[in-house]
Amino acid sequence: MDAHNYVRAQYGCPPLIWSQELSDLAHTWAVKLAERGRILYPELPGIGENIQLSTADDHSHLPSGAEITELWAKEAEDFDFERPRWQPRTQHFSQMVWKETFEVGIARYWNTPKNCIAVVAFYRPAGNSNAPG
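Sequential numbering of the sequence shown, starting at 29, is according to the numbering used here.
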């Protein structure tokens, strides 16, 4: 969360507060994704999401929260600040810095038998969206 708030501060966004409820939901979803080995979006009403799925084995480096945040923040290079909106190449970044979003819950789960790591961040209220309306 500190890494998120650092990025948000760079763009004039207020800091996020931690939500244990969102963290618990993120953990449940991360377990599901790591077991299935593919990204699925829960599309929970009023909740935005950022999801990262990768593989690892016993000798791999598990990505830290700061590293995942940095990966998502790099999408700013492709973000259109003149016309801010949802874009597939910048969806993680725009959700991270959405000004109206005020709370976050994050979880990471490593399914060792499948060598799959899922990182899930849930945000409230949801920010960027490609949904109509």
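The beta carbon of each residue, even a glycine, is placed where N, CA and C say it ideally should be.
Secondary structure of Arg111, DSSP reduced to three states: coil
Integer Cβ distance of Asp106 from Thr118, believed to fall under 8 angstroms: 5 angstroms
Boundaries of the alpha helix (DSSP H) in which Asn33 is found, first to last residue: Element bounds for Asn33: 30-38.
CB contact flag (Lys127, Cys41, <9 angstroms): yes
Chain-order list of residues whose beta-carbon lies under 6 angstroms from that of Ile79 (same chain, five-residue window excluded): Ile67, Val148
Closest residue to Pro91 among Ala135, Phe109, Arg64 (Cα-Cα distance): Ala135
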